[in-house]
Amino acid sequence: MAFLAKRLRRSPVGILGGLTLAAVLAAAVAAPLLVPADPTRLHFDLRLIPPAWLPGGTWRHPLGTDNLGRDILSRVLYGSRISVVVGVSAVCIAGAIGVSSGLLAGYYGGSMDALISRFVDAFLSIPFIILALAVVGVLGPSLLNLIVVLGTVGWVSFNRVVRAEVLAIGAREFVLAARAIGQTNSQILVRHLLPNVTPSVVVLATLEVASTILAESALSFLGLGVQPPTITWGGMLADGRQYVATAWWLATFPGLAITITVLGIIFVGDWLRDVLDPRLR
Amino acid sequence: MHTYLARRLLQMIPVLLLVTMTIFFIIRVKGDPVAQLAPVDLLTPEEIAELRHAYGFDRPIYVQYAEFLRGLMRGDFGTSFRYRTPALPLVVERLPKTMELAGAAGLLAWVLALPLGIISAVKRNSLIDLVATTASVLGRALPNFWLGIIFILVFAVVLGWLPVSGSDTPAHLVLPAATLGVGLATTLTRLIRSSMLEVIRQDYITTARSKGVAEPTVLTRHALRNGLIPVLTVFGLQSAWLMGGVVVVEQVFAWPGMGQLMVKAVLTRDMSIVQAGVFVFAVIVLGVNLAIDLLYTVLDPRIRYG
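Residue numbers (the numbering used here), protein chains in the order written: chain A, 1017 to 1297; chain P, 78 to 383.
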């Protein structure tokens, strides 16, 4: 940790990403304390108020209100919760499936590798969003279903990276030595190979959180994410799409929130990659 | 070449089988598939039992899968509940519109990325390089549906240059294709840049230069041909991403393609259309990757399949 902190001080991009990420996490955790107004309360007399710096705007609603008079800043802050929860949980599931299948494929090779690789090929040929769309359509859109679907659909990249790493280190001396002193396959996998692939997995997991948040907001935009009244950035964008000609701020701010969040995560991921795993560059 | 093509097509069979299995199980993840295909709450228990028998859902699962595959061979994905006609023709009918959009986006991405990638590799740390690298970072973070809405806001609403949505004239294609193409272009630019940086350090490039070959020729005929191979590989993987993007962007611009049909089908639980749609998208992605494999031989004559 001290090593990471020391390296962070030397990287402006890493600091920027870290600060952004900290702000998003703070918004997600402390949303109820931060919001200027109840994000779900309807005010029909306060509909489509523009942001504060425009004529007609008010600082009581800094980013304006939507078509139902709800405060946009409050909704953007609350929206971070779903993105963070879905992003992190789905990547945990994807990582667990991908890392274990990658370890098995890389270590055992042969027919085990061939079998797993066919599954990977099949998953790569069905576009991620389309498969998620179909499965969510059957299961019904809910927070848990969304996490499970994005998790089970997103394991492929973990599998590829871990498999390649294991292939590269599997024949090294320390693995041979472990086998020579009589360690079992599962001991070698867990005690020797797993720690060696961890740096790459940490880097990949960070970047995968970014793409999972993008996928979650796309599904929410299509109406297949977590359902209203739960607030999602994608859902806000879908509502705002209809008002783009008259009230641009409805769709602009949630989109900006997604972009800034994802950018922050990518900065942190790229920095982690430079520090932990220069080979991945 | 022909034997290679045959072998590649044979290799596609297990992958396609797994894809069909995935599609087969999609409507079965939640238990009773009848509930996915018919409005069960409106039916009596007898009618449900009858439907279950009519679809063969009361038979062993492997028999059902065999039946499903046999239907697939005939292009039979069942009947759409909404349109009351076979599902596959409904999807295929929309295919040209989707390919028009994906093709235009892919073309635009290459047209933008090729010069940008080459220039930013050759003139490293120049202004163009800086712009290209910044854009490629932004491109990873911008959700394409949001970019589409911003394009609508700027080019259709504020400037009034282009139509907001629909697909009647070529002008309607510009914004959706740009939305998808720009995102793809940022990825391609980054790949072309790093691949070119790798290649122009090679000895044969120095040799070509010292022979007095003109710099543009060195870059295009010598460097680019080799530099493109890894880029093409990733482009193949990106084609799945592009197809996913098409589905979302069609929704933003009310573009009447396969994606729009599929999203509507998912929302109305018209699962036979969803199954047919997933299948057609998977075939497109596999086809693109096969085409790219064959392109390798054109770019690098040392790669011989046979």
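C-beta: ideal position from N, C-alpha, C; glycine also.
These numbers come from a predicted model, not from an experiment.
Please name the residue or residues paired with residue i in a DSSP beta bridge.
i: D1087/A; result: T1081/A
i: T156/P; result: P163/P
Going along chain A in order, which residues have a C-beta closer than 9 Å to the C-beta of residue i?
i: V329/P; result: F1237, R1257
i: I103/P; result: L1147, A1150, V1151, G1153, V1154
Roughly how many angstroms separate the alpha carbons of residue i and residue j, rounded to a whole number?
i: P91/P; j: W318/P; result: 22 Å
i: T1275/A; j: L344/P; result: 27 Å
i: V362/P; j: L204/P; result: 36 Å
i: G1280/A; j: L1147/A; result: 27 Å
i: R1297/A; j: P110/P; result: Since pLDDT at R1297/A reaches only 47, below the 50 mark, its modelled position is unreliable, and the value read off the structure follows with that caveat. Roughly 46 Å between the two C-alpha positions.
i: Y373/P; j: V324/P; result: 29 Å
i: P1078/A; j: P1066/A; result: 9 Å
i: T210/P; j: I1282/A; result: 14 Å
i: M1128/A; j: R1179/A; result: 12 Å
i: Q88/P; j: V140/P; result: 25 Å
i: V1191/A; j: V1218/A; result: 22 Å
i: H299/P; j: N1201/A; result: 48 Å
i: A190/P; j: I269/P; result: 8 Å
i: G1153/A; j: R346/P; result: 7 Å
i: P1052/A; j: G260/P; result: 35 Å
i: A1221/A; j: V311/P; result: 20 Å
i: T1246/A; j: L1155/A; result: 18 Å
i: V1101/A; j: E327/P; result: 28 Å
i: G1251/A; j: F1135/A; result: 32 Å
i: T1074/A; j: A1273/A; result: 21 Å
i: M273/P; j: W1069/A; result: 47 Å
i: L94/P; j: S1105/A; result: 30 Å
i: L1230/A; j: G1170/A; result: 12 Å
i: Y81/P; j: A1130/A; result: 20 Å
i: V251/P; j: R217/P; result: 21 Å
i: D981/A; j: G1080/A; result: Outside the shown range of chain A, which is 1017 to 1297, sits residue 981/A, and nothing can be said about it.
i: L1209/A; j: T1168/A; result: 23 Å
i: I1016/A; j: M150/P; result: Within the shown structure, residues of chain A are numbered from 1017 to 1297, placing residue 1016/A beyond reach of any answer.
Residues of chain A with CB under 7 Å from residue i, in chain order?
i: A248/P; result: Going along chain A, no residue has its Cβ under 7 Å from A248/P, so there is no contact; the nearest lies around 18 Å.
i: A368/P; result: Going along chain A, no residue has its Cβ under 7 Å from A368/P, so there is no contact; the nearest lies around 14 Å.
i: G321/P; result: P1143, F1144, I1145, I1146
i: R217/P; result: I1282
i: L314/P; result: L1140
i: R278/P; result: What R278/P touches in chain A: nothing, since even the nearest Cβ is about 16 Å away.
i: V343/P; result: L1149, A1150, G1153, L1240
Counting only Cβ pairs nearer than 7 Å, list the residues of chain P close to residue i.
i: T1214/A; result: Simply none; closest approach about 24 Å.
i: D1137/A; result: V92
i: S1233/A; result: P220
i: W1303/A; result: Residue coverage of chain A in this structure runs from 1017 to 1297, which leaves residue 1303/A outside it and unanswerable.
i: I1109/A; result: Residues of chain P passing the Cβ test: none, with the nearest at roughly 15 Å.
i: I1274/A; result: P220, W223
i: A1261/A; result: V234
To the nearest whole angstrom, what separates the beta carbons of residue i and residue j, a pair I think is in contact under 8 Å?
i: V1182/A; j: G1122/A; result: 3 Å
i: P1270/A; j: V1092/A; result: 6 Å
i: S316/P; j: G155/P; result: 27 Å between Cβ atoms; not a contact.
i: S1141/A; j: A83/P; result: Not quite, the Cβ-Cβ distance comes to about 19 Å (not below 8 Å), so this is no contact.
i: F1237/A; j: F222/P; result: 5 Å
i: L193/P; j: T266/P; result: 5 Å
i: F1060/A; j: G1085/A; result: 6 Å
i: G1241/A; j: E1232/A; result: 6 Å
i: V355/P; j: G313/P; result: At roughly 19 Å, the Cβ-Cβ gap does not stay under 8 Å, so V355/P and G313/P are not in contact.
i: D1255/A; j: N1083/A; result: 7 Å
i: M335/P; j: L172/P; result: 6 Å
i: L224/P; j: F232/P; result: Rounded, the Cβ-Cβ distance is 12 Å, inconsistent with contact.
Going along chain A, which residues have a C-beta under 8 Å from residue i?
i: V362/P; result: L1140, S1141, I1142, P1143
i: F358/P; result: I1142, P1143, I1146
i: A317/P; result: L1140, S1141, I1142, P1143, F1144
At a CB-CB cut-off below 8 Å, which residues of chain P make contact with residue i?
i: A1043/A; result: Correct list: empty, because the minimum Cβ distance to chain P is about 17 Å.
i: R1134/A; result: P91, V92, L95
i: G1170/A; result: Those within 8 Å of G1170/A in chain P number zero; the least Cβ separation is about 12 Å.
Show which residues of chain P have a CB atom less than 9 Å away from the CB atom of residue i.
i: V1278/A; result: R217, A218, L219, P220
i: G1271/A; result: L219, P220, F222, W223, L224, I226, I227
(message) Please give the ranges of any alpha helix (DSSP H) in the segment 250-312 of chain P, keeping only runs that are unbroken, at least 4 residues long and fully inside the region.
(response) Taking only runs of at least 4 residues, the alpha helix (DSSP H) segments lying wholly in the segment 250-312 of chain P are 280-287.
(request) Please go through the segment 1141-1175 of chain A and give each complete alpha helix (DSSP H) segment of 4 or more residues, from N-terminal end onward. (result) Listed in chain order, they are 1144-1155, 1159-1169.
(message) Could you tell me which whole beta strand (DSSP E) segments of length 3 or greater appear in the segment 1022-1080 of chain A?
(response) If only uninterrupted beta strand (DSSP E) runs of at least 3 residues are considered, none is enclosed by the segment 1022-1080 of chain A.
(message) Quick check for students: name the residue ranges of the alpha helix (DSSP H) that lie wholly in the segment 304-362 of chain P, counting only runs of 4 or more.
(response) Fully enclosed alpha helix (DSSP H) runs of 4 or longer: 335-344.
(request) Mind listing, in chain order, the continuous beta strand (DSSP E) runs of no fewer than 3 residues lying wholly within the segment 1199-1280 of chain A? (result) Not a single unbroken stretch of the beta strand (DSSP E) spanning 3 or more residues falls wholly within the segment 1199-1280 of chain A.
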